[in-house]
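Peer 1: Its first residue numbered 219, the sequence shown is counted upward by one per residue in the numbering used here.
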Amino acid sequence: MKAQVINEFGKALEVFQERNDLQIPNPQEHEIQVQVFASSVNDLDTKIRNGDLGFIAPEFPAILHGDVAGIVTGIGKNVSRFKKGDKVLGFIGGIKGYAGALSDFITADERFFASAPDSSSFAELGALPLVGITAYEAILEKAGVEKDQTVLIYGATGGVGHIALQLAKLLGAKVFAVVVSKEQADIASKLGADGTIIFSEKAVQEYVHEFTNDLGFDIVVDTVGLQNFPNALEAVKVGGKVINTFAYINADLTSAQMKGVSLHFIAMLIPLFTNINKEKYGQILSKYASWLDEKKLTVLVDEKSFRFTEVGLAHQYYESKKAKGKIVLLK
């Protein structure tokens, strides 16, 4: 079979190579074999490729990307949830110990997958798993969003942010979106945001005053991280919650302590690293499958898609920060 692999870390257009001499993997007892039709680009994938997260990379020659959508073509003898011909979406890793999706066929634990609705395209399904699982953990598990709470989301039209926005609205919250342009503000409004803030146009205290009467937001979801984290701490109310979905922060937490803020960090790879609660991926994705089928959720997909053979170009496009939605790879 064919696969896109890397044999070293490096630049997007330099390290990917196509192999056409790999064996089609056979499913183990609890695994399914899937013919892959779509995947997508996440920050995790680009940082493994360039070596920033090389310590969690698969062994060379490495097949990257964890998001997968496809059709079941084989099942292990103890598989109970799927049969040949089923349309599925899943997250399989693309990290150390877990080969990725950029090949004709993959095998992985059935617990990583959910049945996909016929009404959804492979592009939508391939774009969803990592960002969907992350947003679910942030909004439902860590934040515990409730009706009429105020939720502020930094990066509200990004991969995780646009799903988090919609989940919070499904739960009845009042959601406010921090974005970087008028175009993004319009997108956030269409997704249901009750208010939008263009980051460069207002100081934190201005939108805290405008939308919360100076009380602060009940919940702040920071999908940006880095130097933005202090803004999240400033925007949250006394006793509120800050959820960080982006691993890279370096901040003084004194203000969080003084306000009695609950801090939560999302690490959706934990089931892969610890071998604990692996069924979580499939359970969460099953809920998304229902929401998609009921038209309760929109997955933003950039108008520019790439073939698997163009994965280097897809990474380059992701790093240009010009995309207006998830960047999808199609077979």
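Beta carbons: idealized from backbone N, C-alpha and C, even for Gly.
Note that the coordinates shown come from a computational prediction; the quantities given were computed from them, not determined experimentally.
Determine the DSSP secondary structure at Ile381, reduced to helix, strand or coil.
Peer 2: To locate residue 381, count along the sequence shown from 1; it is residue 163. Correct three-state label for Ile381: helix.
Peer 1: Applying the 10 Å Cβ sphere with the 16-neighbour rule, what's the burial state of Thr368?
Peer 2: Here residue 368 refers to the residue found at position 150 of the sequence shown. Label assigned to Thr368: buried.
Peer 1: Nearest to Gly377 by alpha carbon, out of Gly294, Val519, Ala474, Ala532?
Peer 2: Mapped onto the sequence shown, residue 377 falls at position 159. Out of Gly294, Val519, Ala474, Ala532, Val519 has the C-alpha closest to the C-alpha of Gly377.
Peer 1: Determine the closest residue to Arg329 out of Lys496, Lys513, Leu547, Lys549, with distance taken between C-alpha atoms.
Peer 2: Looking up residue 329 in the sequence shown gives position 111. The option with the nearest alpha carbon to Arg329 is Lys496.
Peer 1: Looking at the secondary structure, which residues open and close the beta strand (DSSP E) in which Asp327 lies?
Peer 2: In the sequence shown, residue 327 corresponds to position 109, counting from 1. Asp327 -> beta strand (DSSP E) spans 323-327.
Peer 1: In this structure, how does DSSP classify Lys387 when only helix, strand and coil are distinguished?
Peer 2: Here residue 387 refers to the residue found at position 169 when the sequence shown is read from its first residue. Three-state result, Lys387: helix.
Peer 1: Go ahead and pull the three-state DSSP assignment for Asp440.
Peer 2: Residue mapping note: residue 440 aligns to position 222 of the sequence shown, counting from 1. It is a strand residue.
Peer 1: Compute the distance between the beta-carbons of Phe447 and Tyr425, then report whether it is under 9 Å.
Peer 2: Within the sequence shown, the letter at position 229 stands for residue 447. Within the sequence shown, the letter at position 207 stands for residue 425. Not a contact, by the Cβ cut-off of 9 Å.
Peer 1: Taking buried to mean at least 16 other C-beta atoms within 10 Å of its own C-beta, is Ile494 buried or exposed?
Peer 2: Here the question's residue 494 lines up with position 276 in the sequence shown. Its Cβ having fewer than 16 others within 10 Å, Ile494 is exposed.
Peer 1: Determine the direct distance from the alpha carbon of Leu383 to that of Glu342, and round the result to whole angstroms.
Peer 2: Indexing the sequence shown from 1 puts residue 342 at position 124. Indexing the sequence shown from 1 puts residue 383 at position 165. Each residue's Cα considered, the two are about 17 Å apart.
Peer 1: Please name the residue in Asn244, Asp322, Val306 whose C-alpha comes closest to that of Phe526.
Peer 2: Position 308 of the sequence shown, counted from the start, is the residue given in the question as residue 526. Selected option, being the one with the closest Cα: Asp322.
Peer 1: Just to confirm, is the Cβ distance from Glu236 to Ala221 under 9 Å?
Peer 2: As a working note, residue 236 is residue 18 in the sequence shown. As a working note, residue 221 is residue 3 in the sequence shown. In contact: Glu236 and Ala221 (Cβ atoms closer than 9 Å).
Peer 1: For His283, which residues does DSSP report across the bridge?
Peer 2: Residue 283 sits at position 65 when you count from the first residue of the sequence shown. None; His283 has no bridge partner.
Peer 1: How far does the alpha helix (DSSP H) with Lys477 in it reach, from first residue to last?
Peer 2: Locating residue 477 in the sequence shown gives position 259, counting from the first residue. Counting along the chain, the alpha helix (DSSP H) containing Lys477 begins and ends at 472-477.
Peer 1: Using 8 Å for Cβ pairs, my map puts Ile224 next to Phe300. What's the rounded Cβ distance?
Peer 2: Residue mapping note: residue 224 aligns to position 6 of the sequence shown, counting from 1. Residue mapping note: residue 300 aligns to position 82 of the sequence shown, counting from 1. Actually they do not touch by this definition, with Cβ atoms about 30 Å apart.
Peer 1: How would you write the range of the beta strand (DSSP E) that Gly308 sits in, first residue to last?
Peer 2: Stepping through the sequence shown from its first residue, residue 308 is reached at position 90. Element bounds for Gly308: 305-309.
Peer 1: Leaving out the 5 sequence neighbours to the left and right, which residues in its chain are closer than 6 Å to Lys544 when beta-carbon positions are compared?
Peer 2: What you label residue 544 is simply residue 326 of the sequence shown in a count that begins at 1. Taken in chain order, the residues that qualify are Ser258, Ala345, Gly377, Val519.
Peer 1: DSSP on Ala230, reduced to helix/strand/coil?
Peer 2: Locating residue 230 in the sequence shown gives position 12, counting from the first residue. Three-state DSSP puts Ala230 in a helix.
Peer 1: Determine contact between the stretch 480-488 and the stretch 405-420, defined as no fewer than three beta-carbon pairs at a distance below 8 Å.
Peer 2: No, they do not touch.
Peer 1: Express the C-alpha separation of Leu385 and Phe255 in angstroms, rounding to a whole number.
Peer 2: Taking the sequence shown and counting its residues from 1, the one referred to as residue 255 is at position 37. Taking the sequence shown and counting its residues from 1, the one referred to as residue 385 is at position 167. Distance between the alpha carbons of Phe255 and Leu385: 26 Å.
Peer 1: Straight-line CA distance for Glu537 to Ser523?
Peer 2: As a position in the sequence shown, residue 537 is number 319, starting the count at 1. As a position in the sequence shown, residue 523 is number 305, starting the count at 1. Distance between the alpha carbons of Glu537 and Ser523 is about 15 Å.
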